[in-house]
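S.K.:
Numbering (the working numbering), first residue to last: 35 to 182.
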């Protein structure tokens with residue numbers, strides 16, 4: 035099982051590094067992730083492989099050369115896989131609330147992914163990332179007002 039989890043971890047990081055085709059063999063169609071929205075509010079669940087592709091694609095549009103590197107892990111406990119990572123890249127614009135003067139700036143931020151594995155695929159994902167540090171680097175001072 036350790037080999038299977040290591041391969042899944044490698045594929046997961048490759049997805050975030052831009053290989054969206056790997057979603058087909060790494061996450062199920064009903065993949066679920068839990069994350070707080072960038073515009074505030076509590077953590078909420080989002081379902082669907084295609085939604086994951088959209089999310090990663092949107093992030094990569096703002097940071098085309100974004101590179102995720104695992105610093106700790108993979109740590110495996112039962113059906114759970116944990117990775118601590120560093121993301122580094124160049125901001126190219128389009129991030130909500132960002133100061134456009136930051137276009138071209140190199141940024142970095144850390145995060146931890148908790149991944150639940152089922153039937154040989156990553157079925158569920160919880161993220162904890164240092165978004166406040168990323169926002170500071172991008173000059174984000176305000177986000178659009180969130181309506182309930």
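Backbone N, C-alpha and C define an ideal beta-carbon position, used for all residues, glycine too. Just so we're clear, the structure is a prediction, and the values are computed from it rather than from any experiment.
What's the call for residue 147, buried or exposed, on a 16-neighbour Cβ count within 10 Å?
M.R.: buried
S.K.: Let me confirm a value: residue 50 is counted as buried when at least 16 other C-beta atoms fall within 10 Å, else exposed. Which label applies?
M.R.: buried
S.K.: Count the other CB atoms, across all protein chains shown, that sit within 10 Å of the CB of residue 119; report buried if there are 16 or more and exposed otherwise.
M.R.: Sixteen is the threshold: when 16 or more other Cβ atoms of the shown chains lie within 10 Å of the Cβ of residue 119, as they do, the residue is buried.
S.K.: Assess contact between the stretch 149–159 and the stretch 121–132, defined as three or more Cβ pairs (one per stretch) separated by less than 8 Å. Is contact present?
M.R.: no
S.K.: With distances taken Cα to Cα, identify the nearest neighbour of residue 163 among 85, 151, 102 and 81.
M.R.: 102
S.K.: Work out the CA separation of residue 123 and residue 80 for me, nearest whole Å.
M.R.: 25 Å
S.K.: Any idea which residues DSSP pairs residue 145 with across the strands?
M.R.: 119 and 163
S.K.: For residue 121, tell me which candidate among 100, 115, 171 and 131 has the shortest Cα-Cα distance.
M.R.: 100
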